[in-house]
Amino acid sequence: SFTQPNAAMNIQMLEWALDVTKGSKGDLLELYCGNGNFSLALARNFDRVLATEIAKPSVAAAQYNIAANHIDNVQIIRMAAEE
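Residue numbers for the sequence shown, in full-length UniProt numbering: 1 to 83.
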C-alpha cells in the first residue's frame, strides 16, 4: 500500500484539495484511498465519503483513522476500483 512519504508535500496536497472542494455539495467517491489520508481530510467538505481500497492493511488503517478521529460520514469499502 502507498503512503505519501513527503510530509511537507502531503500537507500542500491536502490544503489544495480542501481549498478546491470548499463549498462542495453532495458526496465524494475516492478510489484507491489507501489509509484514508484524503478521504478523512475531505470529509468536512462533503455530506458523505465513500472510499475504496483493495489492500487489507490499508483498509484496516483507514478504519482505525475514522474511529480515532470520530468521523461519521466516511465509509471505506474493501474492493478493487474496477468493481
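Yeah, the Cβ is synthetic: ideal placement off N, Cα and C, and Gly gets one too.
Assumed close pair residue i, residue j - CB separation to whole angstroms, cut-off 8 Å
i, j, result
"D72", "L50", "No, D72 and L50 are not in contact; Cβ-Cβ is about 14 Å, not under 8 Å."
C-beta contact flag for residue i and residue j at 8 Å
i, j, result
"I66", "L40", "yes"
"N37", "Q4", "yes"
"A81", "T52", "yes"
"Q63", "I76", "yes"
Boundaries of the alpha helix (DSSP H) in which residue i is found, first to last residue
i, result
"Q63", "K56 to A68"
N- and C-terminal bounds of the beta strand (DSSP E) containing residue i
i, result
"D27", "D27 to E30"
"Q75", "V74 to R78"
"A51", "R48 to E53"
Spatially closest choice to residue i from the options, by CA coordinates
i, options, result
"Y32", "M9, K56, H70 and N6", "K56"
"K25", "A80, S58 and A43", "A43"
"A60", "N69, H70 and R78", "R78"
Burial state of residue i, where buried means 16 or more other Cβ atoms lie within 10 Å
i, result
"L23", "Checking the displayed sequence, the identity of residue 23 turns out to be Gly instead of Leu. Answer is exposed; the Cβ neighbour count stays below 16."
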